[in-house]
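Respectively, the protein sequence lines represent chains A and B. Note that our numbering numbers the first sequence so that position 331 is 332, with each residue one more than the last. Note that our numbering numbers the second sequence so that position 84 is 475, with each residue one more than the last. Working notes for the structure below.
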Amino acid sequence: MVDRTTEELYALREKRIRDAVALKVPDRVPVVPNGPAWPGRAMGVKISEIATNVPVSYRTIIDAYAGLGDIDGIQSPAYHVVTLSIQWLSKVKVPGRDLPDDELWQVDEAELMTAEDYDAILAEGFGPWLARYYAERLPGATEEFEAFAAHIPEALEACRARGIVPFTPAVATVPYEYFCGGRTMKEFMLDLFRKGDKVQAAMDEALPVLIENMRGVIRGLGLMGLWIGGWRTASEFLAPRLWERFVFPYFQKMVEAAIEEGAIPVLHFDANWTRDLERLKEFPKGKVVLSLDGKTDIFKAKEILGDHMCIMGDVPPSLFSLGTPQEVGDYCRRLIREIGPAGFILSSGCDVPITAKYENVKAMVDAVSPVD
Amino acid sequence: MTVSNLAQSLGDLNEEAVIQGVEEALAAGQAPLGVLQELQAGMTIVGERFEAGEYFLSELIYSADIFKTAGAPLQERLKDQVQETHGTLVLGTVKNDIHDFGKDIVATVMTSNGIKVVDLGVNVEHQAFVDAIKEHKPALVGMSCLLTTVFDDMKTAIETIKAAGLRDQVTVLIGGGPVDQATADYVGADIYCRTAQDGVSAAKKILGVS
């Protein structure tokens with residue numbers, strides 16, 4: 002075992018991740034876990050603290066994942082539950098405030114955004130409309146988010162000081178996700194059919210603002226990578242003609258902008274995107290990561306995109322919660338063998354769930370190390 | 392089987408034609424129940440196209456909303472009549488989970504396919520499923536969740552139904568974001584439904600609807 006300084010270790014791990022993104026074979030498949038809630042449960046920290054106290058969240062997240070073994074990075078080392086309100090224009094039930102202290106937060110879906118808001122966006126401009134929306138319908142969210150953002154540099158530093166790469170500590174997403182969260186999924190889908198032109202015009206108004214915000218975050222924090230998230234934009238939910246019109250072009254522009262800024266866009270794509278994997282070939286080769294949550298067929302993704310895009314994932318939440326360490330280890334080794342070793346980053350599918358067994362999360366981390 | 396123009400219009404998601412077709416049928420003196428059955432035949436076309444990969448959740452939601460809007464005058468005329476349904480589904484998001492989107496879609500799609508839905512809402516107490524089974528005598532129970540933290544609640548809800556001696560009387564269908572076959576095995580459910588349409592297909596099969 003070679004003794005390395007923290008700086009050397011950090012450089013080695015960063016190279017490992019960058020090699021994977023560039024579709025090279027790294028010295029070892031990198032492992033980069035994700036999720037704020039499980040660390041709280043694993044470390045005996047109340048979920049209300051993880052949800053709302055940023056210094057506690059980043060210390061707990063870093064300690065929990067670092068304690069598992071030789072991890073290369075953490076997708077996002079800092080957390081505050083207000084980020085969900087900010088990106089989905091929704092209220093969230095918060096532990097310690099709306100829920101018992103140690104329960105998981107939950108998005109409280111309601112029609113906070115109305116059909117008239119599309120007109121308001123076009124009349125006022127997306128930026129001013131958004132500021133007014135937060136102030137009127139999610140009071141306190143902007144202030145909480147700003148307080149969270151102020152802590153991010155120290156969270157990144159705390160992560161780097163352990164020799165661990167804070168890979169994707171920020172989230173950007175397309176207008177669809179914002180509007181769908183604010184309108185509710187049902188009402189928004191009906192809007193796509195019944196007032197598609199207006200929705201599209203509002204999206205076109207919103208996109209440049211969201212891209213400028215994303216550019217500012219990448220520059221301000223000097224990000225190596227960031228999430229460009231897709232949840233309700235998943236192929237499985239939408240007819241191809243709707244997806245091609247309201248989803249894909251917006252992702253294309255965001256991905257292009259993130260690459261221009263020198264960041265690695267990690268397409269954090271939850272739910273099933275299998276139908277449209279072929280379309281992702283339009284993104285630049287070797288510069289983007291496709292992160293899957295267990296619902297998209299990751300083996301199909303390898304077949305279609307393996308020589309074009311790094312793939313990350315995808316230990317499913319139910320396997321972490323209900324499986325055995327042997328089953329988790331077997332699945333991870335299959336991923337390393339069949340999705341890797343080039344262009345693959347091992348991770349949880351979306352978050353490690355709060356109910357994951359400790360030994361199962363450790364089995365994922367242990368899977369990347371060769372057996373002596 | 393011949394399909395009426397009205398059913399075909401709904402199958403094709405032609406909203407204006409469906410609304411107009413219902414109005415014309417009623418104006419021509421057609422029996423409301425017959426018109427409703429035509430709309431249900433339209434929903435069957437939607438379901439078939441979903442299963443064939445031509446339609447997606449977006450179309451399920453839109454078609455169910457057209458069904459609801461166009462069918463409103465029918466429901467008004469039929470409100471005093473006992474309506475025949477294929478069977479009953481008691482449905483709820485399990486205890487400690489407040490997410491209702493998946494459950495609501497299932498309720499809408501099941502209803503528009505002629506299945507009576509008793510919607511218990513979200514954060515449903517285990518005993519409430521038992522009470523609803525006793526009251527409504529359903530053939531089907533549907534449970535939904537979006538959180539892995541409530542897998543044990545789902546399991547307990549099913550065990551509570553079993554302890555009440557009612558487990559053999561119902562088929563338990565489950566679904567939701569993190570749910571998969573392993574979850575179904577763990578909680579002791581009968582059928583895992585990946586989509587709302589999976590639920591409709593399973594329900595129709597169990598209820599003997601062709």
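Backbone N, C-alpha and C fix where the C-beta goes; we use that ideal spot for every residue, glycine too.
Once the 5 residues before and after residue i are set aside, which same chain residues still bring their CB inside 6 angstroms of it?
i: F146/A; result: V83, I87
i: L557/B; result: I524
i: I582/B; result: L564, A593
i: T7/A; result: G164
i: P318/A; result: P354
Please report the distance separating the alpha-carbon of residue i from that of residue j.
i: M434/B; j: V394/B; result: 12 angstroms
i: D373/A; j: E445/B; result: With a pLDDT of only 48 at D373/A, under the threshold of 50, the placement of this residue in the model should not be trusted, and no figure is reported.
i: P371/A; j: P56/A; result: 34 angstroms
i: V22/A; j: P266/A; result: 10 angstroms
i: V561/B; j: I549/B; result: 10 angstroms
i: F542/B; j: T174/A; result: 30 angstroms
i: I305/A; j: G324/A; result: 29 angstroms
i: G361/A; j: G41/A; result: Strictly speaking, residue 361/A in this sequence is Asn, with Gly absent from that position. So the alpha carbons of these two residues sit roughly 16 angstroms apart.
i: V26/A; j: A151/A; result: 37 angstroms
i: R195/A; j: V437/B; result: 18 angstroms
i: A156/A; j: R585/B; result: 38 angstroms
i: L598/B; j: A530/B; result: 8 angstroms
i: E117/A; j: A203/A; result: 11 angstroms
i: E414/B; j: F520/B; result: 39 angstroms
i: T547/B; j: W106/A; result: 22 angstroms
i: P140/A; j: L208/A; result: 24 angstroms
i: P34/A; j: A136/A; result: 34 angstroms
i: I18/A; j: D352/A; result: 19 angstroms
i: L227/A; j: A142/A; result: 22 angstroms
Give the C-beta separation of residue i and residue j to the nearest angstrom, bearing in mind that I take them to be a contact with Cβ-Cβ under 8 angstroms.
i: D109/A; j: I48/A; result: Contact doesn't hold; Cβ gap of about 16 angstroms is too wide.
i: C181/A; j: R233/A; result: 5 angstroms
i: V591/B; j: M501/B; result: 6 angstroms
i: M365/A; j: V290/A; result: That pair is no contact at about 18 angstroms.
i: L417/B; j: G462/B; result: That belief does not hold up - the Cβ atoms of L417/B and G462/B are roughly 11 angstroms apart, past 8 angstroms.
i: A79/A; j: I153/A; result: 6 angstroms
i: M225/A; j: F168/A; result: 6 angstroms
i: C311/A; j: L24/A; result: 6 angstroms
i: A43/A; j: A67/A; result: The pair is not a contact, with the Cβ atoms about 12 angstroms apart (cut-off 8 angstroms).
i: V32/A; j: D73/A; result: 6 angstroms
i: E339/A; j: K303/A; result: 7 angstroms
Is residue i near the ligand NAD, in the sense that its beta carbon is under 7 angstroms from a heavy atom of that ligand?
i: G68/A; result: Judged by which ligands are present, the structure shown has none, so any question about the ligand NAD falls away.
Among the options, whose alpha-carbon lies nearest the alpha-carbon of residue i?
i: D403/B; options: F458/B, A463/B, K507/B, G512/B; result: F458/B
i: Y179/A; options: I122/A, Y332/A, L222/A, A302/A; result: I122/A
i: K595/B; options: L430/B, S503/B, V521/B; result: S503/B
i: D471/B; options: L424/B, D571/B, C584/B, E415/B; result: L424/B
i: V600/B; options: T476/B, G512/B, E415/B, E442/B; result: T476/B
i: L514/B; options: D491/B, L430/B, D576/B, A432/B; result: It is Asn, not Leu, that sits at residue 514/B in the sequence shown. It is D491/B.
i: S322/A; options: I452/B, G420/B, T574/B, A498/B; result: T574/B
i: S449/B; options: A171/A, W244/A, D352/A; result: W244/A
i: L131/A; options: A162/A, K282/A, M310/A, L90/A; result: L90/A
i: T540/B; options: A554/B, A555/B, E526/B, G567/B; result: G567/B
i: A264/A; options: L222/A, K282/A, A343/A; result: L222/A
i: G314/A; options: Q76/A, V46/A, P37/A, G45/A; result: Q76/A
i: Q588/B; options: T499/B, D456/B, D522/B, T460/B; result: T499/B
i: D20/A; options: L281/A, P342/A, Y359/A; result: P342/A
Looking only at its chain, what residues have a beta carbon closer than 8 angstroms to the beta carbon of residue i, apart from the 5 residues adjacent to it on each side?
i: Q518/B; result: T551
i: I337/A; result: V30, F345, L347, A368, V369
i: E206/A; result: I122, L123, G126, F127
i: V248/A; result: V175, Y177, G231, T234, L239
i: R357/B; result: Any property of residue 357/B remains undetermined from this structure, which presents chain B solely from 392 to 601.
i: R468/B; result: L417, P423
Note down, in chain order, each residue of its chain lying with its Cβ closer than 7 angstroms to the Cβ of residue i, except the 5 sequence neighbours on either side.
i: M2/A; result: Any reading at M2/A is ruled out, since the residue's pLDDT is 47, under 50, leaving its predicted position unreliable.
i: M545/B; result: V485, M534, C536, I565, V578
i: E112/A; result: R184, T185, E188
i: P285/A; result: I260
i: R216/A; result: A258, E262
i: L268/A; result: I229, G231, V289, V290, L291, S292
i: L69/A; result: V362, K363, V366
i: D488/B; result: V513, N514, C536, L537, L538, V541
Against residue i, what residues of chain C qualify as contacts under a CB-to-CB distance less than 8 angstroms, listed in chain order?
i: A240/A; result: The structure shown contains no chain C; its protein chains are A and B.
Would you check if the stretch 321–330 of chain A and the stretch 5–20 of chain A touch, i.e. whether three or more CB-CB distances between them fall below 8 angstroms?
Because the criterion of three Cβ pairs below 8 angstroms is not met, the stretch 5–20 of chain A and the stretch 321–330 of chain A do not touch.
Can we say the stretch 188–204 of chain A touches the stretch 232–250 of chain A, given the rule of at least three CB pairs closer than 8 angstroms?
A contact is defined here as three or more CB-CB pairs under 8 angstroms, and the stretch 188–204 of chain A meets this definition with respect to the stretch 232–250 of chain A.
Inspect the CB distances between the stretch 472–482 of chain B and the stretch 499–515 of chain B and report whether three or more fall short of 8 angstroms.
The stretch 472–482 of chain B is in contact with the stretch 499–515 of chain B.
Inter-stretch contact (C-beta, 8 angstroms, three-pair minimum) for the stretch 58–66 of chain A and the stretch 404–419 of chain B
As far as the Cβ criterion goes, the stretch 58–66 of chain A does not touch the stretch 404–419 of chain B, which means the pair count is below three.
Any chance the stretch 192–212 of chain A sits against the stretch 118–135 of chain A, with 3 or more Cβ pairs inside 8 angstroms?
Touching, per the Cβ criterion.
Any 3 or more C-beta pairs closer than 8 angstroms across the stretch 258–275 of chain A and the stretch 292–302 of chain A:
These segments touch.
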